[in-house]
């Protein structure tokens, strides 16, 4: 099946929004064994969308559009699809009830404009949108399929996963070639160090490719296996796993969707230990990352944000003398923050961070990017020094992963001792 | 000047690489006053690239290609440009010396493939590539300009900034049309409510367009003004500002890059008041957002993450009776969290949140999305109830902006009283 993607949105052409939809959908379609031949982006302009859609339907079997569904956009995409495919619009009662309910729940009157969101090209299969007012649609005519999805990724992605994916799976059962992907997520090594460590493993067998990707605060080792069947592709992946794991060891913190916080959460659950945080330069982002995982209240109790020296003393009991002698950004302060947080909350483990995120506040002795992680456990109170590189945002993201990685390595040891 | 972008690379169509080049170049061209009408992505395939390039040259004045220059790609892009524009290839001596020098520096023999990297469409202006072996080229024929750049962003971006930007600056001086943009950022209104409130303002004068965009946890009102000169475009924008501001009032929290945390920071600075946070369902994200702004330690002291009832009592002094009678997610708990945080830190203002971010933990009386914001100030201790809609991530993002928005509205009043 030949597919292409059309993204609608002037904000994409202005460089105000990064087109993550094309990236996400390409990944999904590739996994389903559907070949994507083109991405096209046009503005919120009916003529140019029409031209793009006509051309796409001439050369491809499947066209997925994102964007142009908002109540303020005059139903750009749905109207254009009707025009190009020669279809009338029809009211979809359930969608009308849904949009009405959406506003009822908010306790507001439904603006007239939202009525349009319940009209679809005739014969459409509706794609419910749990997270917004614009449902999508699957439109089939002859051999051609157009799938209409909204632009906001947080609405579009669940709609794809809950409705579109299974629809396409059925469609493509006739062409069974498959590519499977597996991503090993690595922290604490530079991209070139990962490459060196992998060495000969990078010379892969037929049908397999390995790519390294530097992401913010982590490295991805992405393995793709292409074979006639899903089983054969899985076997290709399985053959590589022990080799990659033996080369990278504990630097791999997660596979595929497992991020650092999920990995730490799993280990806290397994070891039945509880965690608290004491944050300075990250301002709460470590707690934010830990609690992004649903159910994290089972092992995460909370913690402190002590952005000023005053609160480091007042809330965590960091000694005035420590701050004077060593400074707020020091191993000593990190240790006192961690042990203060642990004792004052009664949790098993406390992780603390203090550092210079920049752009200001650096000095020759303590440059921007210098970060100390304190770790207080039932066994010990330790501090670790890091020199991170990047802008404020990058340094804070690296600090979050660096701190949680220390917790992870401690918990890995505990879990191994227990076995 | 009408422009479009063509990205070449099978990795983009497979969803292995996010197309940040189109995003980056769109931003750059928009800033230069050049209008981008299309983005097209094709694989490493000569026929499809040829079709895309032909079409682009028919409808646009400027085409920028990225990718398809690697030594293993058979000079895909340069050959296709020659074919479509009817140009011969010629050797560029300096580039040959550069590529040879690159390999000499690495102490390696130059593979035969790299020789091709020194050939360009005749009459090209060469774009040096400090960070890789593939130089780019500016090719002009008649009224049409094609700019050829490599795919890796860390090579492409310096090449654009060091050579292409000034070339284009000169070109667009002849055609001085400019588009300027201004984004009004709104919280607390649905997209359709913003549209209704704006009403007749949406019927814009010649040269101006207004688009509404639903972003995560906020709405953007994007105004574009197109005129012969930057001054005229600025005047068009300036003419609309009072109209938009009078319709949306305090729901506008920021302009362009000013997010909610920057806006609150500015007001805290102006009123000389200090802020602390007490977070439950957001786990630290409010503090994280506030401290994303460099220099925030001037007004933000820190705070608490009290994810469990135990820590709400222990760290903030929330009464056991309150938790038993009203529950952790209640106006009463939000108020006690806020006043506990304010008193225990000595800050002027404390903002607290407690809510149900889901996906579990909801009930008919207290559904997922129910959030209370507590606000303790020198004047009062108040609580606000919200019913947010979305998944866990969306509800937490809305809670961050909802809490900070309460602080902002309080500070706006204070600032007005002072005047």
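Chains as they are written, first to last, in the working numbering: chain H, 1 to 419; chain U, 1001 to 1419.
Even glycine gets a Cβ: it sits at the ideal position worked out from N, Cα and C.
Bear in mind the structure is a predicted one, so any value in this text is a computation, not a measurement.
Integer-rounded CB distance, given that residue j should sit under 8 Å from residue i
i	j	result
residue 76(H)	residue 49(H)	6 Å
residue 354(H)	residue 334(H)	5 Å
residue 1371(U)	residue 1399(U)	5 Å
residue 18(H)	residue 1037(U)	Going by Cβ atoms, the distance from residue 18(H) to residue 1037(U) rounds to 18 Å, so no, they are not a contact pair.
residue 179(H)	residue 33(H)	7 Å
residue 1136(U)	residue 1159(U)	5 Å
residue 182(H)	residue 237(H)	5 Å
residue 1168(U)	residue 302(H)	Between residue 302(H) and residue 1168(U) the Cβ distance is about 52 Å, and since that is not below 8 Å, they are no contact.
residue 71(H)	residue 130(H)	About 17 Å; that fails the 8 Å criterion.
residue 1286(U)	residue 1404(U)	7 Å
residue 1314(U)	residue 345(H)	7 Å
Candidates the options, of which the one nearest residue i by Cα
i	options	result
residue 1120(U)	1379(U), 1139(U), 1390(U)	1139(U)
residue 1347(U)	1298(U), 1333(U), 1307(U), 1358(U)	1298(U)
residue 1259(U)	1184(U), 1228(U), 1206(U)	1184(U)
residue 267(H)	27(H), 92(H), 205(H), 410(H)	410(H)
residue 1012(U)	1043(U), 1024(U), 1005(U), 1318(U)	1043(U)
residue 1079(U)	1118(U), 1292(U), 1305(U)	1118(U)
residue 221(H)	93(H), 192(H), 229(H)	192(H)
residue 225(H)	209(H), 303(H), 261(H)	209(H)
residue 65(H)	30(H), 56(H), 148(H)	148(H)
residue 442(H)	157(H), 390(H), 238(H)	This structure cannot settle anything about residue 442(H), because the visible part of chain H is limited to 1 through 419.
residue 1164(U)	1125(U), 1195(U), 1144(U)	1125(U)
residue 1172(U)	1062(U), 1092(U), 1340(U)	1062(U)
residue 195(H)	233(H), 154(H), 247(H)	247(H)
residue 21(H)	41(H), 327(H), 257(H), 203(H)	41(H)
residue 1269(U)	1293(U), 1190(U), 1286(U), 1283(U)	1293(U)
residue 363(H)	89(H), 304(H), 329(H), 289(H)	329(H)
residue 145(H)	327(H), 227(H), 94(H), 58(H)	58(H)
residue 88(H)	123(H), 304(H), 26(H), 98(H)	123(H)
residue 55(H)	46(H), 84(H), 35(H), 351(H)	84(H)
Under the three-state DSSP convention, the category residue i falls into
i	result
residue 1007(U)	strand
residue 325(H)	helix
residue 396(H)	helix
residue 1130(U)	coil
residue 304(H)	strand
residue 1252(U)	strand
residue 1028(U)	helix
residue 21(H)	helix
residue 349(H)	strand
residue 34(H)	coil
residue 15(H)	coil
residue 1356(U)	coil
residue 407(H)	helix
Outcome for residue i when other beta-carbon atoms lying within 10 angstroms are tallied against a minimum of 16
i	result
residue 1128(U)	exposed
residue 272(H)	exposed
residue 255(H)	exposed
residue 1241(U)	exposed
residue 1199(U)	exposed
residue 105(H)	exposed
residue 1016(U)	buried
residue 252(H)	buried
residue 1206(U)	exposed
residue 470(H)	Residue coverage of chain H in this structure runs from 1 to 419, which leaves residue 470(H) outside it and unanswerable.
residue 6(H)	buried
residue 418(H)	exposed
residue 1395(U)	buried
residue 9(H)	buried
residue 1391(U)	buried
residue 1227(U)	buried
For a minimum of 3 consecutive residues, which ranges assigned as the beta strand (DSSP E) are wholly contained in the segment 1360 to 1393 of chain U? The segment 1360 to 1393 of chain U contains these whole beta strand (DSSP E) runs: 1370 to 1376, 1381 to 1387.
What are the start and end residues of each continuous beta strand (DSSP E) run of 3 or more residues lying completely inside the segment 1066 to 1140 of chain U, in chain order? As far as the segment 1066 to 1140 of chain U is concerned, its whole beta strand (DSSP E) runs of at least 3 residues are 1089 to 1091, 1119 to 1121, 1125 to 1127.
List, from N- to C-terminal side, the beta strand (DSSP E) runs of 3 residues or more that fit wholly inside the segment 157 to 241 of chain H. List check, beta strand (DSSP E) in window: 178 to 186, 208 to 215, 218 to 227.
Whole alpha helix (DSSP H) runs in the segment 1261 to 1293 of chain U with 4 or more residues, listed along the chain? Runs of the alpha helix (DSSP H) lying entirely within the segment 1261 to 1293 of chain U, each at least 4 residues long, are 1285 to 1290 in chain order.
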